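Take 124 as the starting number for the sequence shown in our numbering and just add one per residue. Note that beta-carbon positions come from the ideal geometry of N, C-alpha and C, so glycine has one too. Owing to the predicted nature of the structure, the values given are computational and were not obtained by experimental measurement. Read through the structure below, which is laid out as structure tokens, and then see the notes.
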Amino acid sequence: MPHENESGYWWQGENGRIASLATAAYLASVLFKGDEAFSEKLEEYARNQLNWVLGLNPFGVCMLNGFGRNPPDFRPRFQNAPGGIVNGITAGFHDERDIDFLPESINYKLKNSYKYAWRWTEQWIVHAIWFFVAVCSREKV
């Protein structure tokens, strides 16, 4: 999500959106079973979205708390639940044409730097719900 947007403030990682795209692709793949090649491409696309959340991303960070490798450094002022999914990767913090995940310039020990950390490491139920729905949709394929 770009930082410069109509809200003037609201930007954060998009793991919920990514998982919802996986859900849509899994469900659509069932509708296109008659076109086996296209159906397989949809399933592959869906798997790639879930794999991104699970750590197959440029930062090698598994966004699912308690699982995978290289877990994010969670916000010290807030608790995250096992099995929850953090916001995720955003447009670059210093260059929106790039991408970022909790850049080094966000140091929890610096005054007020925590005010940005939530954009990457805060859990939202919507991320976990869409991930769960995507995994369940996979079983229909």
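Alpha carbons only, please: which of the options is nearest the one belonging to residue i?
| i | options | result |
| --- | --- | --- |
| Pro205 | Thr213, Pro195, Ile212, Ala214 | Pro195 |
| Ile252 | Leu165, Ala142, Phe224, Phe190 | Ala142 |
| Asn138 | Leu173, Arg220, Asp223, Glu227 | Leu173 |
| Arg261 | Gly211, Glu166, Phe216, His217 | Glu166 |
| Val184 | Ser130, Ile248, Phe155, Gly136 | Gly136 |
| Met186 | Thr244, Asp218, Asn171 | Thr244 |
Below 8 Å CB to CB, which residues in the same chain sit around residue i once its five sequence neighbours on both sides are set aside?
| i | result |
| --- | --- |
| Asn188 | Pro194, Phe197, Asn203, Ala204, Pro205, Gly206, Gly207, Ile208, Val209, Gln246 |
| Asp221 | Ala214, Gly215 |
| Leu179 | Asn171 |
Contact check, residue i vs residue j under 8 Å by CB: the rounded distance?
| i | j | result |
| --- | --- | --- |
| Leu177 | Gly191 | 6 Å |
Excluding the five sequence neighbours on either side, which residues of its own chain have a C-beta within less than 7 Å of the C-beta of residue i, listed in chain order?
| i | result |
| --- | --- |
| Phe182 | Ile212, Phe224 |
| Trp175 | Ile141 |
For residue i, I'd like the list of residues in its chain whose CB is within less than 6 Å of its CB, leaving aside the five on either flank, ordered along the chain.
| i | result |
| --- | --- |
| Ala169 | Ala145, Ala148, Tyr149 |
| Ser162 | Ser152, Phe155, Lys156 |
| His250 | Asn138, Gly139, Ile208 |
I'd like to know whether the C-beta of residue i is nearer than 8 Å to at least one C-beta of chain C.
| i | result |
| --- | --- |
| Phe182 | Among the chains in the structure shown there is no chain C, since it carries only a single protein chain. |
- Message: Three or more C-beta pairs under 8 Å: does that hold for the region 139–147 against the region 254–262?
- Response: yes
- Task: Scan the region 167–254 and note each continuous alpha helix (DSSP H) run of 4 residues or more that stays entirely inside, going in chain order.
- Result: 237–244
- Item | Length at least 4, wholly inside the region 125–163: the alpha helix (DSSP H) runs in chain order | 138–154
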